[in-house]
Amino acid sequence: MESWGRRGAGRLGGASLSAAAILCAAIGLIVSVIGLDGSGPAFVRDTSVRAHGVSATGTVAEVVHETSHTRRGSQEHYSPVIATTIDGHAARTRTTAYSVSSPGRFFVGETVGVLYDSRDPSRIVPDWPGAAADLAVNFWFLAGIGIVSVGGGTAAIVLQGVRRRREASR
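This is the structure we're talking about:
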């Protein structure tokens, strides 16, 4: 069994710890970015609209059903298309950031609350209990994966450098 001070030290399965740390950080960052691609822009847009938005009532005009396929099988998603009238103009919105896995969550004709940006009425977000919290949890969970991955990778690289300097000074 080799110790850290001997030949081959700092190696894990034939690769340096730096390479392993970079690989883990990259994988975590990729997972985070892919996930944030959907919820990140929605979170930023929705936060802005929620801060300055005007309340209105909308109607679920359609429920869009989509199926995503992965190696583990398929998953069903249902996203509401919400229609409303703002200052006499019809407006519709659909965002996959608010999709659910249960077909019974939204019904065509159902009345729902919405918020819209008074400066740009085409920016409409759902305003039902938990909508903002669900999106925020998704956003910060995925952002956290990226932050932890990059932080962990950076810490591993720094610690390996410190360890090498100690070895060299002996």
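Here the sequence shown stands for residues 75 to 244, numbered as in the working numbering. Virtual Cβ for every residue (Gly too), placed ideally from N, Cα, C. Quantities reported herein were computed from a predicted structural model and do not represent experimental measurements.
Beta strand (DSSP E) segment containing residue i, residue limits
{"i": "I191", "result": "Here the sequence assigns Asp to residue 191, which means Ile is not the residue at that position. That run of the beta strand (DSSP E) goes T185 to D191."}
Bridge partners - residue i, DSSP secondary structure assignment
{"i": "I198", "result": "Y190"}
{"i": "V174", "result": "Y152"}
Nearest-angstrom Cβ-Cβ length linking residue i and residue j, presumed shorter than 8 Å
{"i": "V186", "j": "A130", "result": "About 10 Å separates the two Cβ atoms, so there is no contact after all."}
{"i": "H151", "j": "S176", "result": "10 Å between Cβ atoms; not a contact."}
{"i": "S153", "j": "V138", "result": "5 Å"}
{"i": "E140", "j": "V182", "result": "At roughly 16 Å, the Cβ-Cβ gap does not stay under 8 Å, so E140 and V182 are not in contact."}
{"i": "D191", "j": "H126", "result": "7 Å"}
{"i": "G132", "j": "I156", "result": "4 Å"}
Flag this pair as touching only if the region 190 to 201 and the region 219 to 233 have three or more C-beta atom pairs under 8 Å; answer yes or no. no
Segments of 3+ residues assigned as beta strand (DSSP E) that fall wholly inside the region 113 to 170: 128 to 144, 147 to 160 and 163 to 168
How about the region 161 to 170 and the region 225 to 242: do they share at least three Cβ pairs that are nearer than 8 Å? no
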